[in-house]
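Peer 1: In order, the protein sequence lines correspond to chains A and R. Here the first sequence stands for residues 1 to 228, where the numbers follow the UniProt record's numbering. Here the second sequence stands for residues 1 to 228, where the numbers follow the UniProt record's numbering. By construction, the Cβ of each residue, glycine as well, lies at the ideal position given by its N, Cα and C atoms. Predicted model only: the values in this text are computed from it and were never measured. First the structure, which I've put down as structure tokens, then a few questions once you've had a look.
Protein chains: 2
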Amino acid sequence: MEVLVPFSADRPKSRLADALSPSERATFARTMLADVLAAIDRAGGDPHVLATDEFDPSDGPVAGGPSPPVTVDDRPLTDAVNAVLAERRPGGEGDPLAVVMADLALATPAAFDRLFAGHAGGDGRDRSGAPDVSIVPGRGGGTNALVVSHPRFRVDYHGASYLDHRRIADEVGATVRTVDSHRLATDVDERSDLAELLIHGDGAAAAWLREAGFSLDADGGRVGVVRE
Amino acid sequence: MEVLVPFSADRPKSRLADALSPSERATFARTMLADVLAAIDRAGGDPHVLATDEFDPSDGPVAGGPSPPVTVDDRPLTDAVNAVLAERRPGGEGDPLAVVMADLALATPAAFDRLFAGHAGGDGRDRSGAPDVSIVPGRGGGTNALVVSHPRFRVDYHGASYLDHRRIADEVGATVRTVDSHRLATDVDERSDLAELLIHGDGAAAAWLREAGFSLDADGGRVGVVRE
């Protein structure tokens, strides 16, 4: 299955400004992308980076991972993804298409297996009983990953996009399955998300974070992070 | 499967003090408990409330739900749960025992099905290849639900208990499976968790919250809540 991975190459991870410097944020974002691409690859997906700016995935902080094709589109995320959906017509003439955020650093092949299941019908036509759209809600109402097998479904990533995507699916008559995964619900956006990565991550991004001096801070209710 | 549901009957949900009054917190906690008990029941589990104080589950804000047995134990959570584990010896002489937090208001029967799967071996002995302990990590490193099929496993709910429970399982030679669920990872503890309940909940607790005037606030990054 083709898996589109939107990536902000120019101004990544601004909401981590209280934890990391601009150059650290750029490196960290590239490292998370490498982890996501590797997990997609190991789950049998074919990643395809949709970047806001030119960059070379093989010239990143992690050596030896997948080196997928990159398409540059500097429009806002929603427009860029919808352009691909309009061109590919997944579930119509085209195969199913997945869209996976680049900051799902807790993602594992097993989690992606659960997301891709039921959509892997080859030509997108032999799928009786399968959902037209699978959605992984992110924490806070976002949409962290999608699989689209319906030619008229479109995305709208603004605001509480999980609820919008359910509504849009309804409007075009597409059936929806929600995939219940803490790993895929956790996009690493804010300082508190770093704790999740230190607890559950075993990829390059978690290693980079530990190397940068972060560790768990178990005082108080939920565990946070401290930097030495 | 017997499912132990610890419930703080005396001072519930203190970390929601910035959103709800003390009497509202008590009602909200009872309503979440009713939702959790109903989901366990519909997944085929037999709930058993482990309360810090006397109370009558049938005299709650939600009518018509399961009315499980209640055991009162005013010791700290860890001691009270370990006393039951020592008595029942799940996976030894006893059947598997689940421990599920009372504030998992996003829980569904399907999510509990995934948790209970592999442990439902009747007498706890015919379980070749099944895990000895299944753990659902909560956000921030907690342990939101467990199934124990090993007579020497004990809990320690202090701090980053998910990592502690993995270590304890290692020490007693118990195999561990982690269950990846956003619904079960979301314990409703803090104001930001209320947004998850409004987005995903369809039980009595979500209805109570809407009735109390809460709605989603989609300004900014992740969606929060406002109260009218």
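For residue 51(A), name the three-state secondary structure that DSSP assigns.
Peer 2: For the purposes of this step, residue 51(A) is taken as residue 51 along the first sequence, with counting starting at 1. In this structure, residue 51(A) counts as strand in the three-state DSSP scheme.
Peer 1: Ignore the nearest five residues each way along the sequence and tell me which others in residue 156(A)'s own chain have a CB closer than 6 angstroms to its CB.
Peer 2: Taking the first sequence and counting its residues from 1, one reaches residue 156(A) at position 156. 78, 164.
Peer 1: Have a look at residue 74(R) and residue 75(A) and give me their C-alpha separation to the nearest angstrom.
Peer 2: Walking along the second sequence from the start, residue 74(R) turns up at place 74. Walking along the first sequence from the start, residue 75(A) turns up at place 75. One C-alpha to the other measures close to 59 angstroms.
Peer 1: Does residue 17(R) have its Cβ less than 7 angstroms from a Cβ in chain A?
Peer 2: Start at 1 with the first residue of the second sequence, and residue 17(R) comes out as number 17. By this cut-off, residue 17(R) is not an interface position.
Peer 1: Give me the residue from 177(A), 145(A), 137(A), 200(A) with the minimum Cα distance to residue 106(A).
Peer 2: The residue you call residue 106(A) lines up with position 106 of the first sequence. Taking only the C-alpha atoms, the option nearest residue 106(A) is 200(A).
Peer 1: Going by alpha carbons, who is nearest to residue 49(A) out of 34(A), 160(A), 208(A), 22(A)?
Peer 2: Within the first sequence, residue 49(A) is the residue found at index 49, counting from 1. Nearest of 34(A), 160(A), 208(A), 22(A) to residue 49(A), Cα basis: 34(A).
Peer 1: Would a C-beta distance cut-off of 7 angstroms place residue 19(R) and residue 177(R) closer than the cut-off?
Peer 2: Here residue 19(R) corresponds to residue number 19 of the second sequence, with the count starting at 1. Here residue 177(R) corresponds to residue number 177 of the second sequence, with the count starting at 1. Contact: no.
Peer 1: Please report the distance separating the alpha-carbon of residue 252(A) from that of residue 160(R).
Peer 2: No answer is possible for residue 252(A): it lies beyond the span of chain A, which begins at 1 and ends at 228.
Peer 1: Going along the segment 136–168 of chain R in order, which residues come within less than 9 angstroms of chain A, judged by CB to CB distance?
Peer 2: Of all residues in the segment 136–168 of chain R, 136, 137, 138, 139, 140, 141, 142, 158, 159, 160, 162, 163 have a Cβ within less than 9 angstroms of some Cβ in chain A.
Peer 1: Using the rule of at least 16 other Cβ atoms within 10 Å of the residue's Cβ for burial, across every protein chain shown, is residue 58(R) buried or exposed?
Peer 2: Position 58 of the second sequence holds residue 58(R). The residue is exposed, with fewer than 16 neighbouring Cβ atoms inside 10 Å.
Peer 1: Tell me whether residue 226(R) sits in a helix, a strand or coil according to DSSP, three-state version.
Peer 2: Here residue 226(R) is taken as the residue at index 226 of the second sequence, counted from 1. Strand, per DSSP.
Peer 1: Contact between the segment 202–216 of chain A and the segment 20–33 of chain A: three or more CB pairs below 8 angstroms?
Peer 2: They touch, by the three-pair rule.
Peer 1: Let me confirm a value: residue 181(A) is counted as buried when at least 16 other C-beta atoms fall within 10 Å, else exposed. Which label applies?
Peer 2: Numbered from 1 along the first sequence, position 181 holds the residue referred to as residue 181(A). Residue 181(A) is buried by the Cβ-count criterion.
Peer 1: Can you find a CB in chain R that lies within less than 7 angstroms of the CB of residue 81(A)?
Peer 2: Position 81 of the first sequence, counted from the first residue, corresponds to residue 81(A). Answer no: the Cβ-Cβ gap between residue 81(A) and chain R never drops below 7 angstroms.
Peer 1: Since residue 98(R) and residue 146(R) are thought to touch, with beta carbons under 8 angstroms apart, how far apart are those beta carbons, to the nearest angstrom?
Peer 2: Taking the second sequence and counting its residues from 1, one reaches residue 98(R) at position 98. Taking the second sequence and counting its residues from 1, one reaches residue 146(R) at position 146. Right, the Cβ-Cβ distance comes to about 7 angstroms (below 8 angstroms), so this counts as a contact.
Peer 1: Can you look up residue 172(A) in the DSSP assignment and give me helix, strand or coil?
Peer 2: For the purposes of this step, residue 172(A) is taken as residue 172 along the first sequence, with counting starting at 1. Helix at residue 172(A).
Peer 1: Within 10 Å of its beta-carbon, does residue 137(R) have 16 or more other beta-carbons around it, so buried, or fewer, so exposed?
Peer 2: By one-based count along the second sequence, residue 137(R) stands at place 137. Buried, since its Cβ has 16 or more Cβ neighbours within 10 Å.
Peer 1: Applying a beta-carbon distance threshold of less than 9 angstroms, which residues of chain R neighbour residue 105(A)?
Peer 2: By one-based count along the first sequence, residue 105(A) stands at place 105. Simply none; closest approach about 14 angstroms.
Peer 1: Return the Cβ separation of residue 9(A) and residue 55(A) in integer angstroms, given the expectation that the two are a contact with Cβ distance under 8 angstroms.
Peer 2: Translated into the one-based positions of the first sequence, residue 9(A) becomes position 9. Translated into the one-based positions of the first sequence, residue 55(A) becomes position 55. At roughly 5 angstroms, the Cβ-Cβ gap stays under 8 angstroms, so residue 9(A) and residue 55(A) are in contact.
Peer 1: Scan the segment 110–168 of chain R and note each continuous beta strand (DSSP E) run of 3 residues or more that stays entirely inside, going in chain order.
Peer 2: Within the segment 110–168 of chain R, the complete beta strand (DSSP E) runs of at least 3 residues are 133–137, 143–148.
Peer 1: I believe residue 45(A) touches residue 1(A) by the beta-carbon criterion, under 8 angstroms. Please report the beta-carbon distance rounded to the nearest angstrom.
Peer 2: What you label residue 45(A) is simply residue 45 of the first sequence in a count that begins at 1. What you label residue 1(A) is simply residue 1 of the first sequence in a count that begins at 1. At roughly 5 angstroms, the Cβ-Cβ gap stays under 8 angstroms, so residue 45(A) and residue 1(A) are in contact.
Peer 1: Can you check whether the C-beta of residue 40(R) is within less than 7 angstroms of a C-beta belonging to chain A?
Peer 2: Counting from one through the second sequence, the residue named residue 40(R) turns up at place 40. No, its Cβ sits nowhere closer than 7 angstroms to a Cβ of chain A.
Peer 1: What separation, rounded to the nearest whole angstrom, lies between the Cα atoms of residue 172(R) and residue 143(R)?
Peer 2: Numbered from its first residue, the second sequence carries residue 172(R) at position 172. Numbered from its first residue, the second sequence carries residue 143(R) at position 143. Straight-line Cα distance between these residues: approximately 18 angstroms.
Peer 1: With DSSP as the reference, identify every bridge partner of residue 217(R), one or two as the case may be.
Peer 2: In the second sequence, residue 217(R) corresponds to position 217, counting from 1. The partner list for residue 217(R) (beta bridge, DSSP) reads 224(R).
Peer 1: Using DSSP bridges, identify the partner residues of residue 177(R).
Peer 2: As a working note, residue 177(R) is residue 177 in the second sequence. According to DSSP, residue 177(R) bridges with 134(R).
Peer 1: Looking at chain R, is there any beta carbon in it that lies within less than 7 angstroms of the beta carbon of residue 14(A)?
Peer 2: Residue 14(A) sits at position 14 when you count from the first residue of the first sequence. Taking Cβ atoms only, chain R never reaches closer than 7 angstroms to residue 14(A), which makes this a no.
Peer 1: Rounded to a whole number of angstroms, what is the C-alpha to C-alpha distance between residue 202(A) and residue 213(A)?
Peer 2: Taking the first sequence and counting its residues from 1, the one referred to as residue 202(A) is at position 202. Taking the first sequence and counting its residues from 1, the one referred to as residue 213(A) is at position 213. Cα to Cα, the separation comes out at about 16 angstroms.
Peer 1: With a threshold of 16 other CB atoms inside 10 Å of the CB of residue 169(R), please say whether the residue is buried or exposed.
Peer 2: Counting from 1 along the second sequence, the entry for residue 169(R) is found at position 169. Buried, since its Cβ has 16 or more Cβ neighbours within 10 Å.
Peer 1: Would you mind stating whether residue 179(A) and residue 134(A) have Cβ atoms separated by less than 7 angstroms?
Peer 2: As a first step, residue 179(A) is located in the first sequence; it is residue number 179 there, counting from the start. As a first step, residue 134(A) is located in the first sequence; it is residue number 134 there, counting from the start. Yes, these two residues count as a Cβ contact at 7 angstroms.
Peer 1: Report, in whole angstroms, the separation of the C-beta atoms of residue 195(R) and residue 148(R), which I expect to be a contact under 8 angstroms.
Peer 2: The residue given as residue 195(R) occupies position 195 in the second sequence. The residue given as residue 148(R) occupies position 148 in the second sequence. Not a contact, Cβ separation roughly 32 angstroms.
Peer 1: Can you check whether the CB of residue 3(A) is closer than 7 angstroms to the CB of residue 100(A)?
Peer 2: The residue given as residue 100(A) occupies position 100 in the first sequence. The residue given as residue 3(A) occupies position 3 in the first sequence. Closer than 7 angstroms, so yes.
Peer 1: Based on DSSP bridge pairs, tell me the residues matched to residue 99(A).
Peer 2: Stepping through the first sequence from its first residue, residue 99(A) is reached at position 99. DSSP lists 4(A), 146(A) as partners of residue 99(A).
Peer 1: What does the alpha-carbon distance come out to for the pair residue 5(A) and residue 11(A)?
Peer 2: Translated into the one-based positions of the first sequence, residue 5(A) becomes position 5. Translated into the one-based positions of the first sequence, residue 11(A) becomes position 11. Approximately 16 angstroms between the Cα atoms of the pair.
Peer 1: Quick check on residue 255(A): buried or exposed, where buried means 16 or more other Cβ atoms within 10 Å of its Cβ?
Peer 2: No information on residue 255(A) is available, as it lies outside the stretch 1 to 228 that chain A covers here.
Peer 1: Please name the residues in the segment 166–185 of chain A whose beta-carbon is closer than 7 angstroms to at least one beta-carbon of chain R, in chain order.
Peer 2: Within the segment 166–185 of chain A, the residues whose Cβ lies closer than 7 angstroms to some Cβ of chain R are 180, 181, 182, 183, 185, listed in chain order.
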